[in-house]
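Numbering (the numbering used here), first residue to last: 81 to 410. Built from N, CA and C at the ideal position, the CB exists for glycine as well. For clarity, every value in this text was computed on a predicted model and none was experimentally measured. Structure first, commentary second.
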Amino acid sequence: MMAAADLIELWRGGLPESIHQGHAVVWDRGGMVAAWGDPQAVIFPRSSCKMIQALPLLESGAADAARLGTEQLALSCASHSGARIHVDRVGAWLGALGLGESDLRCGTHLPWDAAESRRLTCSDEAPCQIHNNCSGKHAGFLTWNRHHGADPDYHLPDHPLQQAIRAATEEVTGEPVAGMGIDGCSAPNFATSVAGLARAMSAFACGGEDARGQGMQRLVQAMMLHPELVAGEGRACTDLMRAMKGRVAVKTGAEAVFIAIAPERGMGIALKIADGATRASEAAITALLVHYGFLEANHPVVGKYLTDPLRNWRGIEVAERRLAEGFLKI
């Protein structure tokens, strides 16, 4: 097993303060393009693989039977902020299925959206499962479940839906599932290598004429069409996709996983920061998107996630993020 590579550094007062190590792989139609760290490092993709989890929804015909549009498909891949734009749409989606909040199995947390969180905190209304960042994915699960008349506990590992997701994961990554964990939303999360995840994202970038290929293309196009639904205002996935104007879909996952899907190049990118630091995964994916020509180096979003100086509470410049030597030059 190869060691993780130094990817992102934090410098303060002219000295290195923190070094974030990790693994990153770039894959295209011809195979592996580049790698840092260990391409075979096994990771949990967490929410970065939601488009894989949505494949059975498309392939089974459940999405078309329910007449899902691009907004619902984007939400099925989302880790949304629980803003009204998200909550209202997921609620309407469930209502159209004849289902409700209690049919979800994702659990409840306060929304990440500041306005909605403040509204709930200042009222007598408690957050519900629709505020969960994974409620769109779970609405997709319920759509598949209703189409097949399956058991309501769709989140359990031995449920036919999760078995279909496991099979899809192995097929698009090109390798056996390396393990299984339970995600924050209670759904199984299937471990794979960083290379396998990048290979899968390249498959989504390429698409195809069969049911799976068309489903991949529809999910990617929906994400790029509705970046505000995939995450939310002020968040990296939304900011980066808006900056690239429909050229690339990106998706983060908990514990500092990030993927990118670039249809025009048939390219997939996957990375994992070993210490789970989000600031490093956001910086690393931004650097890779600049390096491969999807983002202009002087775009404000690059400054936000990579090149702008870090300031303290008084607005004084105190630190900077840098690419580790041997990672990339932008």
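CB of residue i within 8 angstroms of CB of residue j, strictly
{"i": "Leu222", "j": "Leu277", "result": "no"}
{"i": "Ala121", "j": "His100", "result": "no"}
{"i": "Leu155", "j": "Arg164", "result": "no"}
{"i": "Ser282", "j": "Asp86", "result": "no"}
{"i": "Leu408", "j": "Leu369", "result": "no"}
{"i": "Ser127", "j": "Gly333", "result": "yes"}
{"i": "Leu236", "j": "Asn225", "result": "no"}
{"i": "Met82", "j": "Ala275", "result": "no"}
{"i": "His218", "j": "Cys265", "result": "yes"}
{"i": "Pro125", "j": "Val105", "result": "no"}
{"i": "Ala280", "j": "Met304", "result": "no"}
{"i": "Leu153", "j": "Arg246", "result": "no"}
{"i": "Ile341", "j": "Ala285", "result": "yes"}
{"i": "Pro191", "j": "Gly162", "result": "yes"}
{"i": "Ala323", "j": "Ser361", "result": "no"}
{"i": "His227", "j": "Ala145", "result": "yes"}
{"i": "Lys331", "j": "Lys130", "result": "yes"}
Identity of the residues DSSP links to residue i by a beta bridge
{"i": "Trp173", "result": "Paired residue(s): none; Trp173 is not in a bridge."}
{"i": "Met112", "result": "Trp107"}
{"i": "His100", "result": "Ile88"}
{"i": "Val122", "result": "Ser273"}
{"i": "Arg401", "result": "Leu90"}
{"i": "Leu137", "result": "The partner list for Leu137 (beta bridge, DSSP) is empty, contrary to what the question assumes."}
{"i": "Leu148", "result": "DSSP, once it has assigned bridges, lists no residue as partnering Leu148."}
{"i": "Leu95", "result": "Arg92"}
Own chain partners of residue i with C-beta closer than 8 angstroms, once the 5 adjacent residues on each side are dropped
{"i": "His239", "result": "Ala230, Asp231 and Asp233"}
{"i": "Asp183", "result": "Leu174, Leu222 and Pro232"}
{"i": "Ser273", "result": "Pro119, Gln120, Ala121, Val122, Ile123, Thr253, Glu255 and Ala258"}
{"i": "Asn212", "result": "Gly162, Leu184, Cys186, Gly187, Thr188, His189, His218 and Cys265"}
{"i": "Gly346", "result": "Asp108, Arg109, Ser282, Ala285 and Cys286"}
{"i": "Gly141", "result": "His227"}
C-beta neighbour in chain E for residue i, strict 8 angstroms
{"i": "Ser156", "result": "You won't find chain E in this structure, because it holds only one protein chain."}
CB-CB length for residue i against residue j, believed under 8 angstroms
{"i": "Val382", "j": "Leu375", "result": "6 angstroms"}
{"i": "Arg327", "j": "Glu344", "result": "6 angstroms"}
{"i": "Glu151", "j": "Gly295", "result": "The Cβ separation is near 17 angstroms, so there is no contact."}
{"i": "Thr249", "j": "Ile339", "result": "So it is not a contact: roughly 14 angstroms between Cβ atoms."}
{"i": "Tyr385", "j": "Thr366", "result": "4 angstroms"}
{"i": "Ala194", "j": "Leu200", "result": "11 angstroms between Cβ atoms; not a contact."}
{"i": "Ser215", "j": "Cys186", "result": "6 angstroms"}
{"i": "Ala84", "j": "Gly117", "result": "5 angstroms"}
Neighbourhood of residue i by C-beta distance below 6 angstroms, restricted to the same chain and skipping five residues each side
{"i": "Ile210", "result": "Val167, Val170, Gly171 and Glu181"}
{"i": "Ala364", "result": "Leu87, Ile88 and Leu351"}
{"i": "Ala311", "result": "Cys317 and Thr318"}
{"i": "Ala404", "result": "Asp86, Leu87 and Glu89"}
{"i": "Ala267", "result": "His235"}
{"i": "Ala271", "result": "Val122, Phe124, Ala258 and Gly259"}
Contacts around residue i, its chain only, beta-carbon distance under 7 angstroms, and the 5 residues preceding and following it disregarded
{"i": "Arg92", "result": "Val398 and Ala399"}
{"i": "Asp263", "result": "Arg126 and Asn269"}
{"i": "Leu90", "result": "Glu97, Ser98, Ala399 and Arg401"}
{"i": "Cys208", "result": "Glu181 and Thr188"}
{"i": "Leu137", "result": "Ala143, Ser156, Gly220, Thr223 and Trp224"}
{"i": "Gly244", "result": "The sequence given here has Ala at residue 244, not Gly. Excluding residues within five positions, the ones whose Cβ falls inside 7 angstroms are Pro136."}
{"i": "His306", "result": "Thr150, Glu151 and Ala154"}
{"i": "Gly356", "result": "Glu335 and Ala336"}
{"i": "Arg315", "result": "Ser161"}
Check: Could you give the uninterrupted runs of the alpha helix (DSSP H) lying entirely in the segment 309–393, keeping only those of 4 residues or more?
Finding: 316–324 and 358–371
Check: Considering only residues of the segment 246–310, which uninterrupted alpha helix (DSSP H) runs meet the minimum length of 4 residues and lie entirely inside it, listed in chain order?
Finding: 274–286, 291–305 and 307–310
Notebook entry, point to check: What alpha helix (DSSP H) runs, 4 residues minimum, are completely inside the segment 174–208?
Noted result: Runs of the alpha helix (DSSP H) lying entirely within the segment 174–208 and spanning at least 4 residues, in chain order: 194–201.
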